[in-house]
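Residue numbers (full-length UniProt numbering), protein chains in the order written: chain W, 1 to 384; chain H, 1 to 384; chain A, 1 to 384; chain Z, 1 to 384.
Okay, structure first, notes after.
Protein chains: 4
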Amino acid sequence: MNLTEQFLKTREKTETICSPLQTEDYVVQPIVDVSPPKWHLAHTTWFFEQFVLVNFDQSYKVFHPDFAFLFNSYYNNLGERTLRHERGFMTRPSVSVIYEYRKYVTSAIQQLLDSKPDIEVIQLVEIGINHEQQHQELLAYDIKYILGTQPTFPAIGDYFGLKEESHEQKWLSFSEGLYEIGHQGNTFCFDNERPSHKVFIQDFQMSNKLVTKGEFLEFMEDGGYKNFNLWHDEGWHYIQNNGINSPLHWHHKNGDWYEYQFNGLDKINLKLPVSHISMYEAYAYANWKGMRLPTEFEWEVASQQIEWGQLWEWTNSAHLPYPGFTQAKGAIGEYNGKFMLNQMILRGASVATTHDHLRNTYRNFFPASSRWAFSGIRLVKNQN
Amino acid sequence: MNLTEQFLKTREKTETICSPLQTEDYVVQPIVDVSPPKWHLAHTTWFFEQFVLVNFDQSYKVFHPDFAFLFNSYYNNLGERTLRHERGFMTRPSVSVIYEYRKYVTSAIQQLLDSKPDIEVIQLVEIGINHEQQHQELLAYDIKYILGTQPTFPAIGDYFGLKEESHEQKWLSFSEGLYEIGHQGNTFCFDNERPSHKVFIQDFQMSNKLVTKGEFLEFMEDGGYKNFNLWHDEGWHYIQNNGINSPLHWHHKNGDWYEYQFNGLDKINLKLPVSHISMYEAYAYANWKGMRLPTEFEWEVASQQIEWGQLWEWTNSAHLPYPGFTQAKGAIGEYNGKFMLNQMILRGASVATTHDHLRNTYRNFFPASSRWAFSGIRLVKNQN
Amino acid sequence: MNLTEQFLKTREKTETICSPLQTEDYVVQPIVDVSPPKWHLAHTTWFFEQFVLVNFDQSYKVFHPDFAFLFNSYYNNLGERTLRHERGFMTRPSVSVIYEYRKYVTSAIQQLLDSKPDIEVIQLVEIGINHEQQHQELLAYDIKYILGTQPTFPAIGDYFGLKEESHEQKWLSFSEGLYEIGHQGNTFCFDNERPSHKVFIQDFQMSNKLVTKGEFLEFMEDGGYKNFNLWHDEGWHYIQNNGINSPLHWHHKNGDWYEYQFNGLDKINLKLPVSHISMYEAYAYANWKGMRLPTEFEWEVASQQIEWGQLWEWTNSAHLPYPGFTQAKGAIGEYNGKFMLNQMILRGASVATTHDHLRNTYRNFFPASSRWAFSGIRLVKNQN
Amino acid sequence: MNLTEQFLKTREKTETICSPLQTEDYVVQPIVDVSPPKWHLAHTTWFFEQFVLVNFDQSYKVFHPDFAFLFNSYYNNLGERTLRHERGFMTRPSVSVIYEYRKYVTSAIQQLLDSKPDIEVIQLVEIGINHEQQHQELLAYDIKYILGTQPTFPAIGDYFGLKEESHEQKWLSFSEGLYEIGHQGNTFCFDNERPSHKVFIQDFQMSNKLVTKGEFLEFMEDGGYKNFNLWHDEGWHYIQNNGINSPLHWHHKNGDWYEYQFNGLDKINLKLPVSHISMYEAYAYANWKGMRLPTEFEWEVASQQIEWGQLWEWTNSAHLPYPGFTQAKGAIGEYNGKFMLNQMILRGASVATTHDHLRNTYRNFFPASSRWAFSGIRLVKNQN
């Protein structure tokens, strides 16, 4: 697939993800982590307009002068922007205008690509595609959160389903030694995956399965949410202050546990991997089992021998720069570097992750409190 | 006009007010005072369903069992309800479903009225009409706030325009004495307008005009927002903490003052009455002029001799029960009584007030900090 | 007693109130309503220094240049001041330096009074005495709050004891008519007690007793704190958000109710008047009894025939200016006028009130949520 | 020095640190990070009482039954405790009672040590000594914060002075390779310093000096606090929201920078190392220089060749468990493990650190926003 095809496919997929939504669903922001779907649609478009068209297409006329302000996310170098927590108050431009905006920019980029642009354009379009793919995944989280907040729990179809973790439990062993970590070669990756470098890793054993909802329910029933010894001090306060006693999207009704999925509210399936847990909960669960979460380096080493891709897997590694990491100059340099503090790494991928992002060097990250993402738990034991 | 006609007219008018909106505009809640227009549409309908149809129409089937929960406002006696500050997260039911709900209930009430119901039904429908008319006015405030929050300041037409206060300034004198205050007779009024009772009032003079934007600008230019001596202690802290230095909807651009109106952002017209000010600002302005705001009793006495109805006029009276006030039993008794604390009275009416509410005994009330209503200032002087 | 004697007695009494305290008790501010005792000691002194000595004693040298900043309360006209909620962080100047400051200023005022000063000085000293007497009462509230917050509930002696309300319950009747309200004559009163003016009052009956702890306990046991129909909307939210289910200083232990008093934690005495309740609670209690709180005007009219002075009695009147009220010029004009919004009137006096303040025209006021004051409940019925 | 001597010396030193304080200074808590000095005095004593005497001295009678509740810090396993942010409201027990408590427990421990206790007691006393030494350092930070908050900037003497960083700037080179990190052998260390393990480190160069106030001032004057490109996203929001534009304890007066030190407010000495900066500021400074902060592993490797001990040095490492880390059982296991999230490591020591803590494996940690500690900046460059 050439770049133009890849670009068009990406643009189309974003719109497909949104296709089951009603106009009203595009607008709201029930928590600050969630952005309105219309904002995602516009912001990913703005990215191409601002980084590519404005700079490299002299004949380009911006679709609307206000949009640079309205749909910038956090790029300080590109000027003022709507406050993040006010995205859900923006009713104008309407959803249909935003779809026109998409069409307009998609077509302009397509023409630019047809004109044999130089390498800088191609690299920026590549980043733009990857950026939009990241937002596709966020759209999945946000749509689920928005619909899961409705007291009516609307069903919109059978999206992003997980498969049961029914294979036999095994503990895979890995030996201590120096390993090469990070992305190598010239193919695309995000800035935080480089440079590739050596890391010394001690012996460890990793599970070949994700923790299931059934297993997590045992933790709950054993008082896991009430035993402070299992928790980080910060996590303990967080669950107390927010009254958390189950994963997000779980609801206790008439003595049974239900879970909101895209196809509505249903009884939980105990064999599916547990999802929508914070790193605090993942850590407490591992503690309760007498085990621990992997480091991101252990995960990367083990990734060849394990099945992954259902859910992002919380690690016990902080999002920190690799040795020799340097930020790019200008706005594009704001990509990941400024988030290298108080964010925890998740490795792998989820059912909402685009295939292009299935790299075992990919470093996803969220604050430890995040629960709206498609996250799961994989356990590690120290070698006996 | 008979009750059925009045009912149908009211229902229709609510929808007319919303007709310039795009679907997205119906959904959001930028501040807690504002309710999403779709919520108003549904809540006023729910009121008829819950108080009239459920109780008095045995053949009635509720439109949807969840709606009692979704669209209750603050009637504790009628069970659980959506938290007020979460109204703006409700995307479902969609706007079009809510319009169906309106149709369904309107038609059921119409049939019930056709069936010669007893007096209790008629009284409740009357309250329901007045309740919906109150929400029509709130809709005007809320729509203005929602659109006025958009960075693009959309123009939707020439609604709720004010006329210039261009008549000659006069000071009307009123003599001390015992006056009868409150609603008399059997026609409809809200519970807080009764009982009618005697109040002794001292000599005073009242302006025959509202304060204009031009006059208010003088206050601003004289440093009115910076002189704590003019303000209540609470008001002073409020404007400091919220960075307030002009009425709501005013914007300072390139050295000029603009105001958002339904037809867009325009330079202020100095001859129009100033609006969108809190009671704090009204009080500080009066102080600056060496005058004061009227009491609600003075206003009622003077109302016969003044022109009113452009803007609600802040008084210096607190919303307290009239002597002998008693709450009705049950849910309907929650109407005004529970708001008789820390709310200030506004008298008169605004251009967004329905004609049926033009009563000089009408006691509107808001917290002193409210600025999104169509409120204005009328001055009073003590007699020399 | 001449003015000098009155002045010296007042200064001494403030120090007597503080005499049971340990140094540590003088320093802290557990809630924003409470000021550290050392702050009261200094602020009342600063008032004399700033309003009298600095202006009228040319030979006077300020004790310390920083104190004007440190011990100003809310007089904006007198410049910057310590933020109210940071008073409890001020360890310096020490308690002993503040006592020196008191001595220094007391002596300077005494000399000034001996020098036959003109009437303005005499009036300001009179205000200063009354101001310090108000702070004596606040000291009683604050000391009780500070000590009542200690997990060890220290006993410091038998201060400010109440007597049982054991006289027979009677309902005193008052007839409708025009009454003269407010302070008359030339003796001292605060600015908000004037001008005297006529008010028309309807028939009412007032209890000759305060509500007792035993009676209030019946309200509690009947679910008074759980029945929203009894509460203002604002009050209901307040008790929910703050988890309030009894008066302040009450503690439930092993099935019994205890109350912190200055002599320690003891079982409640059911015959004493209930205290430390907010206006919300007073109102809900009255509602539960099918009665109401008096207006401040009813209270003033009835005061001649009732016993009062144990506890400040919540009224259902807001703190608003009397007809013809005007603020004094300058800093002294900031006294009460700027608090004439969202404050409720209490009438009478408490056991912590100085005898000089026993005026039936005295208008005390607090926000409806205040519970740390010595407040009580007296009921009123409309005439049958 | 034997254990008893070490114990007694430690107990004495804590009291020496507090000796310049007035009683009032012992009580307050101006920010949640700061604990009142009297709380430190009591809490370190409670630690010996609770972990040693209560468990291992059968004849011991607790000094006061309430103290276990009052002076527990965060040991959930040992029951309820005063909320951290309410420590500054505790006036009782008084400072003098707390000194009696210290005497009582010191003497009881001394007797226990004289009785040839078994190894568990000795190990716990050793932890207790180290625990108290940690609090000695916190006392230095807290006392400085409390006094530095006083508008009068009291001078209490020449404590904890720094020396100028006047030696010649050099860049020390270190070669990539596998290094052994963490505490080895049987001498005392905290739980987070173990187990010792191998880490692979890349080439780097480290400065032989700390960044000085003069150098930091250049950053400030170059607009460092206004250039978002230099900051973490979280750090940028933090300084915006808190109005930070200089290190803590710096004050701009009449065009000059002053700093509060224990001997009062003085002009800054440009040659001293900059202190009282958050990790955000340390990071931004390093960014501005085109360099970076060391990792904790680099620091440990380089520590043999550099001078350190003036200020704790922020690293770019998160506080995470070493491979193979396990928590001890019971309350003592709560020591460091539960803080292994969203805390950044500082290495080295400060002038307020006891000599017993001068270990190059010591892992101090604070949230990135902490500014009240004695923290500084050392730069690292990647090898060219």
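Cβ coordinates follow ideal geometry from the N, Cα and C atoms, glycine included.
Along the alpha helix (DSSP H) that carries T4 (chain Z), what are the first and last residues, could you check?
3-18
Could you name the residues of the same chain whose beta carbon sits closer than 8 Å to that of H135 (chain W), not counting the 5 residues immediately before and after it, in chain order?
T14, H40, H43, T44.
Through-space distance from T295 (chain A) to P117 (chain H), alpha-carbon basis:
42 Å
Assuming A68 (chain W) is part of the alpha helix (DSSP H), what are its boundary residues?
67-71
Between W:T152, W:P154, W:Y280, W:G330, which has its C-alpha nearest S375 (chain W)'s C-alpha?
With distances taken between Cα atoms, S375 (chain W) lies closest to W:Y280.
For T91 (chain A) and chain Z, any beta-carbon pair shorter than 8 Å?
The beta-carbon of T91 (chain A) is placed less than 8 Å from the nearest beta-carbon of chain Z.
Give a yes or no on whether the C-beta atoms belonging to residue 385 (chain W) and I143 (chain W) are separated by under 8 Å.
Here chain W comprises residues numbered 1 to 384, so residue 385 (chain W) is not present and cannot be evaluated.
Since Y75 (chain W) and A328 (chain W) are thought to touch, with beta carbons under 8 Å apart, how far apart are those beta carbons, to the nearest angstrom?
About 12 Å; that fails the 8 Å criterion.
Alpha carbon to alpha carbon, how far is V351 (chain W) from N2 (chain W)? Give it in angstroms, no decimals.
Roughly 24 Å separates the two Cα atoms.
Can you tell me the Cα-Cα spacing of S115 (chain W) and H355 (chain W), whole angstroms?
28 Å
Whole-angstrom distance between Q205 (chain A) and A284 (chain A), CA atom to CA atom:
19 Å
Please list the terminal residues of the continuous beta strand (DSSP E) segment that includes E334 (chain H).
Careful: E334 (chain H) lies outside any beta strand (DSSP E) and carries neither H nor E.
Residues of chain A with a CB under 9 Å from the CB of E300 (chain H): which are they?
Neighbours of E300 (chain H) on chain A: none; closest Cβ ~15 Å, over 9 Å.
By how many angstroms is the C-alpha of H276 (chain A) removed from the C-alpha of M344 (chain A)?
15 Å
What is the DSSP secondary structure of residue 448 (chain A), reduced to helix, strand or coil?
The displayed coordinates of chain A run from 1 to 384. Any statement about residue 448 (chain A) would go beyond what the structure contains.
Anyone know if the C-beta pair for G309 (chain A) and A349 (chain A) falls short of 8 Å?
Going by C-beta atoms, G309 (chain A) is nearer than 8 Å to A349 (chain A).
Hey, out of A:F262, A:Y258, A:N263, whose CA is closest to L270 (chain A)'s CA?
A:Y258
Taking A373 (chain H) as part of the alpha helix (DSSP H), name the residues at either end of that continuous run.
First-last for A373 (chain H): undefined, no H or E at that position.
Which chain Z residues are close to I146 (chain A), counting only those with a beta carbon under 8 Å from its beta carbon?
F89, T91
Give the single residue among W:R347, W:T353, W:Y322, W:H357 whose Cα lies nearest to the Cα of M340 (chain W).
W:Y322
Within chain A, partners of K338 (chain H) - CB distance below 9 Å
F228, N229, W231, H232, D233, E234, G235, W236
Using 10 angstroms around the beta-carbon of K267 (chain W), count the other beta-carbons present and answer buried if the total reaches 16, otherwise exposed.
Counting Cβ neighbours within 10 Å, K267 (chain W) comes out exposed, since fewer than 16 surround it.
Among H:N316, H:W171, H:S370, H:S369, nearest to Q383 (chain H) - alpha-carbon criterion:
H:W171
Return the Cβ separation of S369 (chain W) and S278 (chain W) in integer angstroms, given the expectation that the two are a contact with Cβ distance under 8 Å.
5 Å
Cβ-based neighbour list, I156 (chain Z), same chain, cut-off 7 Å, excluding 5 preceding and 5 following
P20, L147, F262
Could you pull the start and end residues of the beta strand (DSSP E) that I181 (chain Z) belongs to?
Residues 177-181.
What does a CB cutoff of less than 8 Å around F190 (chain W) pick up in its chain, not counting 5 residues either side in sequence?
N130, Y335, N336, Y362, R363
In whole angstroms, what separates the C-alpha of I244 (chain H) from that of E126 (chain W)?
46 Å
Buried versus exposed, by CB contacts within 10 Å (16 or more), I201 (chain H):
Result: buried.
For my contact list, T91 (chain W) and F89 (chain H) are in at a C-beta cut-off of 8 Å; report their separation, rounded to the angstrom.
T91 (chain W) to F89 (chain H), Cβ: 14 Å. No contact.
Is D203 (chain H) helix, strand or coil when you go by DSSP?
coil
Just how far apart, CA to CA, sit E164 (chain W) and D222 (chain W)?
23 Å
Same chain, Cβ closer than 7 Å to D57 (chain H), neighbours up to 5 away in sequence not counted
Exclusion of the five residues before and after D57 (chain H) leaves A108, L112 as the residues of its chain whose Cβ lies within less than 7 Å of its Cβ.
Residues in the region 113-139 of chain H with C-beta within 7 Å of chain W's C-beta atoms, listed in sequence order?
none
Which partner residues of S303 (chain W) appear in the DSSP bridge assignment?
DSSP output for S303 (chain W) lists no bridge partner at all.
Cβ-based burial, S317 (chain Z) [other Cβ within 10 Å; buried from 16]
buried
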